Amino acid sequence: MVETPLRSKSYAGQAGRRKGLVKAELVGLTSIKKEDHGRRTTTKIAELDRVLGGGIVPGMSILLAGEPGIGKSTLLLQLADNIAGTVVYVSGEESATQIAGRAARLGVKNAKILVLEETDADSVIASIPKDAELVIVDSVQTLTTRDLTGTAGSVGQVRECANRLTSFAKANSVPMFIVGHVTKEGTIAGPRVLEHMVDTVLWFEGERRELLRVVRAIKNRFGPTDEVGIFSMGERGLEEVSNPSQLFIGQAGKVSGSVITVVLEGTRPMLVEIQALVSPTKLSLPRRSGTGVDARRLELIIAVLGRRVGIPLWDYDVFVNVAGGITVSEPAADLAIALAIASAFHDKPVGTGIVAIGEVGLLGEIRESSQLERRLKEARRLGFTSSLTSKQELTLSALVRKAFVS
Ligand code: TYD
Ligand code: MG
């Protein structure tokens, strides 16, 4: 059940009093002043500006969602350090002392960051100074309003508190970041219920054990939604990764089982290394295990390799991994996955300076990927001079023969 606050008594009777109604104003569409997003404040974090669409717009509410421990508080504290005016950091998660400790570790020195240890949403709103240039609420799941009975984190509380905060932000033209936790299993009273309320939703992703972090805009009223910001978690907080390809290509192509492909992250082409290991097994149901690749896609590619290319994998375990902890969901990576497995099976490297890009069909055909030229351009930029695509061979079996059997 979701609680709903009652309107105050003085308000409740008004629906019946039709006489006193004030008419709303109608405005001609073409005479309305256009919204001006020109006045943006840069976060001075290029990767964050990129996902925001160029910086922060006045009154904008931004939901930053992600699993606990992924780096949300870290990123926002680093951002707070870059703002010239007053920043209010509302903390219901951690004590002021804990935040000060993290700030010291991160080298955050901005004296204009004010910490507010408070979990009552109305008190938070009442405490924000007039001159605040940015408000950070960490996290929405810790806030409550006394107008509702539910506990902190319940759907009703989360929704109502966020509603009050975003209304405040809009009315006072103060931009506001709201942190929302999501759990691995999905979301309980999580950010999903807030998505329609805020202007922008940023999704913070990454494997906690790995260093890579990706911030993805999944909704943005003031910018594109296909952009990503890429960071790595270092000793001193989140560092920008402006050239992600270099991060992932390692030993690629030199050893068997390693093939490079180019995926598109948002509008950005990115080189990633697909690694495969093929090992004989006595299991009646051999293992097919993928990290960072879709399990069903992997099954399909293995089946195509068996039936169309003639690589007998039924008594082999197959492990596929995307280096660097990133997740590849594009079919454009199919060919690299298939070639990495074939390379591991034949124990022959595919060779250095080569990228493989293409979708693999059920008939064993190779299909051209979208924006191929763009991907190849990025590959060339990083010194990859050869490519394996549908332009070289139309079928996977021909390509595998050429690469490993000759
Ligand atoms: P945090 O920002 O607290 O995550 P969230 O707010 O999303 O829950 O990030 C915590 C993790 O980041 C923690 O596991 C430690 C790590 N970390 C670093 O590796 N380097 C750093 O400089 C900082 C501040 C944190
Ligand atoms: Mg936190």
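Numbering (our numbering), first residue to last: 425 to 830.
The C-beta atom is built at its ideal place from N, Cα and C for all residues, glycine as well.
Note that the structure is predicted; figures quoted are calculated from it, not measured.
Leu558 and Pro599 - do their beta-carbons sit closer together than 7 Å? As a position in the sequence shown, residue 599 is number 175, starting the count at 1. As a position in the sequence shown, residue 558 is number 134, starting the count at 1. Going by C-beta atoms, Pro599 is nearer than 7 Å to Leu558.
I'd like to confirm something about Arg640: is its beta-carbon nearer than 6 Å to some heavy atom of the ligand TYD, or not? For the purposes of this step, residue 640 is taken as the residue at position 216 of the sequence shown. Checking the Cβ of Arg640 against the ligand TYD gives no.
If we ignore side chains and look at the alpha-carbon of each, how far apart do Gln502 and Arg464 end up? Within the sequence shown, residue 502 is the residue found at index 78, counting from 1. Within the sequence shown, residue 464 is the residue found at index 40, counting from 1. Those two C-alpha atoms are separated by around 18 Å.
Is any heavy atom of the ligand TYD found at a distance shorter than 6 Å from the C-beta of Met600? As a position in the sequence shown, residue 600 is number 176, starting the count at 1. False, no ligand heavy atom lies under 6 Å from that Cβ.
Which whole-angstrom value is the C-beta distance of Val606 and Glu491, which I expect to be below 8 Å? Against the sequence shown, residue 606 aligns to sequence position 182. Against the sequence shown, residue 491 aligns to sequence position 67. Confirmed, about 6 Å.
Tell me, which residues are paired with Arg712 by DSSP? Numbered from its first residue, the sequence shown carries residue 712 at position 288. In DSSP, Arg712 forms a bridge with Val742.
In chain order, what residues of the same chain have a beta carbon less than 7 Å from the beta carbon of Gly690, not counting five sequence neighbours either side? For the purposes of this step, residue 690 is taken as residue 266 along the sequence shown, with counting starting at 1. Setting aside the 5 residues that flank it on each side, Gly690 is surrounded in the same chain by Asp650, Glu651 and Val652, each with a C-beta closer than 7 Å to its C-beta; the list follows chain order.
Would you call the CB atoms of Pro429 and Leu572 closer than 7 Å? For the purposes of this step, residue 429 is identified with residue 5 of the sequence shown, where counting begins at 1. For the purposes of this step, residue 572 is identified with residue 148 of the sequence shown, where counting begins at 1. Their beta carbons are under 7 Å apart, which means Pro429 touches Leu572 by this criterion.
In three-state DSSP terms, what is Ile552? Here residue 552 is taken as the residue at index 128 of the sequence shown, counted from 1. Coil at Ile552, not helix or strand.
Can you list the beta strand (DSSP E) stretches of 3 or more residues lying completely in the stretch 459–490, in chain order? 485–490
Return the CA-CA distance between Gly479 and Leu759, expressed in angstroms with no decimal places. Position 55 of the sequence shown, counted from the first residue, corresponds to residue 479. Position 335 of the sequence shown, counted from the first residue, corresponds to residue 759. If I take the Cα positions, the gap works out to 37 Å.
Option nearest Ile537 by Cα separation, candidates Val548, Ala508, Trp738 and Glu663: Position 113 of the sequence shown holds residue 537. When each option's Cα is compared against that of Ile537, the closest is Ala508.
Tell me, to the nearest whole angstrom, how far the beta carbon of Val717 is from that of Ala780; I am working on the premise that it is less than 8 Å. Your numbering for residue 717 matches position 293 in the sequence shown. Your numbering for residue 780 matches position 356 in the sequence shown. Not a contact, Cβ separation roughly 14 Å.
Spatially closest choice to Leu724 from Ile761, Asp739 and Ser703, by CA coordinates: Against the sequence shown, residue 724 aligns to sequence position 300. Comparing Cα positions, the closest option is Ile761.
Check Gly399 in the structure and name its three-state DSSP category. This structure gives no information on residue 399, because the portion of the chain shown stretches from 425 to 830.
For Thr813 and Glu792, I'd like the C-alpha separation in whole angstroms. Start at 1 with the first residue of the sequence shown, and residue 813 comes out as number 389. Start at 1 with the first residue of the sequence shown, and residue 792 comes out as number 368. For Thr813 and Glu792, the distance between alpha carbons rounds to 7 Å.
List the endpoints of the continuous beta strand (DSSP E) containing Phe592. The residue given as residue 592 occupies position 168 in the sequence shown. Segment Val579 to Asn596 is the alpha helix (DSSP H) holding Phe592; no beta strand (DSSP E) there.
Taking the alpha carbon of Leu567 as the reference point, which residue from Pro553, Arg805 and Asp546 has its own alpha carbon closest? Position 143 of the sequence shown, counting from 1, holds the residue named residue 567. Leu567 has its Cα closest to that of Asp546, out of Pro553, Arg805 and Asp546.
With a threshold of 16 other CB atoms inside 10 Å of the CB of Glu797, please say whether the residue is buried or exposed. As a working note, residue 797 is residue 373 in the sequence shown. Counting Cβ neighbours within 10 Å, Glu797 comes out exposed, since fewer than 16 surround it.
Taking only three categories from DSSP, how would you classify Asp544? If you number the sequence shown from 1, residue 544 lands on position 120. Correct three-state label for Asp544: strand.
Gly730 versus Gln816 - alpha carbon distance: The residue given as residue 730 occupies position 306 in the sequence shown. The residue given as residue 816 occupies position 392 in the sequence shown. Approximately 22 Å between the Cα atoms of the pair.
Through-space distance from Val784 to Ser753, alpha-carbon basis: As a working mapping, residue 753 is identified with position 329 in the sequence shown. As a working mapping, residue 784 is identified with position 360 in the sequence shown. Approximately 14 Å, taken between the alpha carbons.
Quick check on Ala822: does DSSP put it in helix, strand or coil? One-based indexing of the sequence shown puts residue 822 at position 398. Reduced to three states, the DSSP call for Ala822 is helix.
Under the criterion of a Cβ to heavy atom distance below 6 Å, does Ile552 qualify as lining the ligand TYD? Mapped onto the sequence shown, residue 552 falls at position 128. Incorrect: Ile552 has no Cβ contact closer than 6 Å to the ligand TYD.
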